[in-house]
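Written out below as structure tokens is the structure these notes cover.
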Amino acid sequence: MQDFAQEFTRALGLILSGDPGLWEIVLLSLRVSVLAVLISALIGMPVGAVLAVYRFPGRRVLIVLLNALMGLPPVVVGLAVYLALSRSGPLGGMQLLYTPTAMIVAQVLLVLPIIAALTRQVVEALDEEYAEQLRSLGVSRLASVPTLLWDGRLALLTAVLAGFGRAIAEMGAVIIVGGNINHVTRVMTTTIALETSKGNLAPALALGVILVGIAVAVTGAVSALSLRGDVEALRHA
Amino acid sequence: MRELPVAETIRHGVLEIEGLRVRADGGTLLDVPRLVLGGPGPTVILGPNGAGKSLLLRCLHGLIRPDRGAIRQDGVPLDAAIRQRQAMVFQRPVLLRRTVAANLDYVLRRRGLGRGDRRARIGALLAEGGLARKARQSARSLSGGEAQRLAILRALAIEPEVLFLDEPTSALDPAATQAIETLVKRASRRGMRVVMVSHDIGQARRMARDVVLMRAGRVVEHAPAAAFFAAPATLAARQFLTGTLVI
Ligand SMILES: Nc1ncnc2c1ncn2[C@@H]1O[C@H](COP(=O)(O)OP(=O)(O)OP(=O)(O)O)[C@@H](O)[C@H]1O
Ligand SMILES: [Mg+2]
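Protein chains in written order, with the numbering used here: chain A, 212 to 448; chain B, 45 to 291.
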């Protein structure tokens, strides 16, 4: 226990002293996950909205598929991206394996289904309420997509934050495609695993504290947003 | 069924229904062989709950494709372009999750108005509807009556040729009702064709130039307001006016 208290003090010291090695890892984690979430939102929101607004053959299958993809195990996604990017894989020529780009690709595959599926739900519910009014105002189905996305912005932000929460906390995918290379692809989760296995508890704890802090902040933001959404729903009722 | 003299219907926004039929699983919801709505002054559609008043407005506005029949405005079959020249205030208006002003801005921007024109128009509309002080408030936080007023302002914003109103004052207090009625009468005098559904016989007396009485999906009587109230031609109309008509 003495040891643990000591390690913890050292961990706090690492955080507070602004240890460059530590913050390099934190910043890389944030960079990879924020970019992955941005890309996912840019693709996932329009895809989700189109699925919500248009009726076409195969739509139900796509929705079920999307919902199923929300629960993809990160390790499997990592494996799939690894196979695609490895030297003999279809995208091997791009030499992306063990780069931050590969990690972003893997996280996009994890986050995109979440954002697309949640967007579909949000926009479809809103469209049920808006469709006739928008039609009356002469708004085409295509033109109603940005309207619905904007008016669903609160719920959509929640979806984006949920996606970020998944990205920043996962390890299975980034460790496979990133390789956990020092100064190159080492992120918070992979470093925690590595340092712990080496018995190096202080840096592991320090990153753990930061990761928990980020997770708590994100969860807090999500619940604050959904609370605001509830209040607005009440007002409307 | 009395029809209005044809001479009175030479004007913009004349609506014409022919052989209209709307069905839903077995039942006939609407059956209107012929109805012409035109002329100056508002048309008020009366009738008990479930008579098909809202359904008829939806058909006239092109939101429902009838199983049979044709609907024309000024002799032209309804299409998207004509619908652009109509506006409708729904029985349960849907306001966007934006500020009061942004709800108006939304429709004006769609009509291609520049920023300055939009701002001026929004100011004028809000003043006209008594909502000037609520411009920056979330539309969702308006009271029921204020929301209804905003929905009407939004419909008026595009200066439609035809304005459909589905029970626009059902949630309003007497003063607000009067304000809306003034607003609508003013629009009507400017030449806007107004077709409104109401439950309020007093309102029909105040507003209507002609009255359509519906019951069970059919038009029972269509007559100039004065005639309708002074000497209703049908038993249903007499019963409706004395409050004894049931579906
Ligand atoms: N999409 C639909 N499918 C089946 N039935 C419908 C549909 N829309 C309306 N109806 C039925 O048609 C009838 C007329 O409805 P409508 O809304 O036009 O009544 P209304 O005259 O406006 O009544 P209220 O005064 O209560 O508003 C009702 O019995 C309603 O249940
Ligand atoms: Mg109705």
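Glycine included, each C-beta is placed from N, C-alpha and C at the ideal position.
- Task: Note down, one range per segment and in chain order, each alpha helix (DSSP H) of at least 4 residues found wholly within the stretch 251–299 of chain A.
- Result: 270–280, 285–296
- Got a sec? Which residues, its chain only, sit under 7 Å from A/Ala-247 by beta carbon, not counting five neighbours each side? Locating residue 247 of chain A in the first sequence gives position 36, where the first residue counts as 1. Only Ile-315, Gln-318, Val-319, Val-322, Ala-378 meet the Cβ criterion.
- Taking only the alpha-carbon atoms, compute the straight-line gap between A/Thr-400 and B/Ile-166 and give it to the nearest angstrom. Position 189 of the first sequence holds residue 400 of chain A. Position 122 of the second sequence holds residue 166 of chain B. The straight-line gap from Cα to Cα measures roughly 53 Å.
- How many angstroms separate the CA atom of B/Phe-208 from the CA atom of A/Pro-268? Here residue 208 of chain B is taken as the residue at index 164 of the second sequence, counted from 1. Here residue 268 of chain A is taken as the residue at index 57 of the first sequence, counted from 1. Approximately 35 Å between the Cα atoms of the pair.
- Query: Can you name the residues of chain A whose CB is closer than 7 Å to the CB of B/Leu-140?
  - Reply: Residue numbering aside, residue 140 of chain B sits at position 96 when the second sequence is read from its first letter. Here the neighbours are Asp-362.
- Item | Beta bridge counterpart(s) of B/Ile-89 as assigned by DSSP | Residue mapping note: residue 89 of chain B aligns to position 45 of the second sequence, counting from 1. Paired residue(s): B/Val-241, B/Val-256.
- Message: Please return the same chain residues whose Cβ sits closer than 7 Å to the Cβ of A/Leu-368, not counting the five positions on each side in sequence.
- Response: By 1-based counting over the first sequence, the position of residue 368 of chain A is 157. Correct list, in chain order: Leu-436.
- Item | DSSP state of B/Ser-182 mapped onto helix, strand, coil | Against the second sequence, residue 182 of chain B aligns to sequence position 138. Reduced to three states, the DSSP call for B/Ser-182 is strand.
- Query: So which residues on chain B does A/Arg-346 lean against when the C-beta distance must stay under 7 Å?
  - Reply: In the first sequence, counting from the first residue as 1, residue 346 of chain A sits at position 135. Within 7 Å Cβ-Cβ: Leu-107.
- Taking only beta-carbon atoms, is A/Gly-457 less than 7 Å away from chain B? Because chain A is modelled from 212 through 448, residue 457 of chain A falls outside the range shown and cannot be assessed.
- Message: Any contact between the stretch 178–191 of chain B and the stretch 137–147 of chain B? By contact I mean 3 or more CB pairs, one from each, below 8 Å.
- Response: yes
- Message: Quick check on A/Glu-449 - is its C-beta less than 7 Å from some C-beta in chain B?
- Response: As displayed, chain A neither begins before 212 nor continues past 448, which places residue 449 of chain A out of reach and without an answer.
- Query: Between the Cα of B/Gly-71 and the Cα atoms of B/Arg-262, B/Leu-289, B/Ala-275, which residue gives the shortest distance?
  - Reply: Here residue 71 of chain B refers to the residue found at position 27 when the second sequence is read from its first residue. Out of B/Arg-262, B/Leu-289, B/Ala-275, B/Arg-262 has the C-alpha closest to the C-alpha of B/Gly-71.
- Query: With DSSP run on the structure shown, which of helix, strand or coil describes B/Arg-193?
  - Reply: Position 149 of the second sequence, counting from 1, holds the residue named residue 193 of chain B. In the structure shown, B/Arg-193 sits in a helix (DSSP, three-state: H, G or I).
- What number of angstroms, rounded off, separates the C-alpha of A/Pro-414 from the C-alpha of A/Leu-438? Within the first sequence, the letter at position 203 stands for residue 414 of chain A. Within the first sequence, the letter at position 227 stands for residue 438 of chain A. Rounded to the nearest angstrom, the two C-alpha atoms are 36 Å apart.
- Task: Return yes when the C-beta of B/Lys-97 is under 6 Å from any heavy atom of ligand 2, and no when it is not.
- Result: Working through the second sequence from its first residue, we reach residue 97 of chain B at position 53. Yes, the Cβ of B/Lys-97 comes within 6 Å of a heavy atom of ligand 2.
- Cβ-based contacts, 8 Å cut-off: residues of the stretch 148–171 of chain B near chain A: Tyr-150, Val-151, Arg-154
- Message: On the DSSP letters alone, give me the boundaries of the beta strand (DSSP E) that B/Arg-67 sits inside.
- Response: To locate residue 67 of chain B, count along the second sequence from 1; it is residue 23. Note, B/Arg-67: beta strand (DSSP E), 59–68.
- Message: Under 8 Å, with one C-beta from each stretch per pair, do the stretch 221–237 of chain A and the stretch 342–356 of chain A reach the 3-pair mark?
- Response: no
- Query: Can you tell which of A/Ile-421, A/Ala-336, A/Val-433 has its C-alpha closest to the C-alpha of A/Val-264?
  - Reply: Residue mapping note: residue 264 of chain A aligns to position 53 of the first sequence, counting from 1. If we check each option's Cα against that of A/Val-264, A/Ala-336 comes out closest.
- Cβ separation of B/Pro-137 and B/Val-238, assumed to be a contact under 8 Å, to the nearest whole Å: If you number the second sequence from 1, residue 137 of chain B lands on position 93. If you number the second sequence from 1, residue 238 of chain B lands on position 194. With a Cβ gap of about 16 Å, B/Pro-137 and B/Val-238 do not count as contacting.
- Query: Does the beta carbon of B/Arg-250 sit closer than 7 Å to a beta carbon anywhere in chain A?
  - Reply: Taking the first residue of the second sequence as 1, we reach residue 250 of chain B at position 206. Chain A, which has no Cβ nearer than 7 Å to the Cβ of B/Arg-250, makes this no.
- Message: For a test of your reading of the model: does the CB of B/Gln-135 fall under 6 Å from any non-hydrogen atom of ligand 2? Yes or no.
- Response: For the purposes of this step, residue 135 of chain B is identified with residue 91 of the second sequence, where counting begins at 1. Under cutoff, so the answer is yes.
- Query: To which residues of the same chain is A/Val-243 closer than 6 Å at the C-beta, ignoring the five residues directly before and after it?
  - Reply: Reading the first sequence from its first residue, position 32 is the one you call residue 243 of chain A. Correct list, in chain order: Pro-311, Met-314, Ile-315.
- Using the beta-carbon count (16 or more within 10 Å), is B/His-266 buried or exposed? As a first step, residue 266 of chain B is located in the second sequence; it is residue number 222 there, counting from the start. Buried.
- Item | Whole-Å CB distance - B/Ala-293 paired with B/Ala-269, under 8 Å assumed | A question about residue 293 of chain B goes unanswered here, because the residues of chain B that appear run from 45 up to 291.
- Inter-residue spacing [alpha-carbon to alpha-carbon] between B/Val-66 and B/Leu-100: Numbered from 1 along the second sequence, position 22 holds the residue referred to as residue 66 of chain B. Numbered from 1 along the second sequence, position 56 holds the residue referred to as residue 100 of chain B. Using only the alpha carbons, I get a separation of about 9 Å.
- Where A/Glu-381 meets chain B, residues with beta-carbon distance less than 8 Å: Here residue 381 of chain A is taken as the residue at index 170 of the first sequence, counted from 1. Near A/Glu-381 there are no residues of chain B at all, since even the closest Cβ is about 33 Å away, more than 8 Å.
- Span of the alpha helix (DSSP H) holding A/Gln-344? The residue labelled residue 344 of chain A in the question sits at position 133 within the first sequence. That run of the alpha helix (DSSP H) goes 311–347.
- Just how far apart, CA to CA, sit A/Gly-363 and A/Pro-357? Taking the first sequence and counting its residues from 1, the one referred to as residue 363 of chain A is at position 152. Taking the first sequence and counting its residues from 1, the one referred to as residue 357 of chain A is at position 146. Answer to the nearest angstrom: the Cα atoms are 10 Å apart.
- Message: Can you tell me where the alpha helix (DSSP H) holding B/Glu-225 begins and where it ends?
- Response: To locate residue 225 of chain B, count along the second sequence from 1; it is residue 181. From DSSP, the alpha helix (DSSP H) with B/Glu-225 extends over 218–233.
- Query: Helix or strand or just coil, what does DSSP make of B/Phe-208?
  - Reply: Stepping through the second sequence from its first residue, residue 208 of chain B is reached at position 164. In the structure shown, B/Phe-208 sits in a strand (DSSP, three-state: E or B).
- Which same chain residues, not among the five before or five after B/Ala-223, have their C-beta less than 7 Å away from its C-beta? The residue labelled residue 223 of chain B in the question sits at position 179 within the second sequence. Excluding sequence neighbours, B/Ala-223 sits near Gly-174.
- Does the Cβ-Cβ distance between A/Ala-366 and A/Gly-259 come in under 7 Å? The count along the first sequence starts at 1 and reaches residue 366 of chain A at position 155. The count along the first sequence starts at 1 and reaches residue 259 of chain A at position 48. Contact: no.
- Message: Assuming contact is defined by CB atoms lying nearer than 7 Å, are B/Leu-152 and B/Arg-162 in contact in what I supplied?
- Response: Taking the first residue of the second sequence as 1, we reach residue 152 of chain B at position 108. Taking the first residue of the second sequence as 1, we reach residue 162 of chain B at position 118. Yes, Cβ-Cβ distance for B/Leu-152 and B/Arg-162 is below 7 Å.
- Among the residues of its own chain, which have a CB less than 8 Å from the CB of B/Pro-110, if the five just before and after it don't count? Within the second sequence, numbered from 1, the residue matching residue 110 of chain B stands at position 66. Leu-64, Arg-65, Val-66, Leu-74, Cys-103, listed in sequence order.
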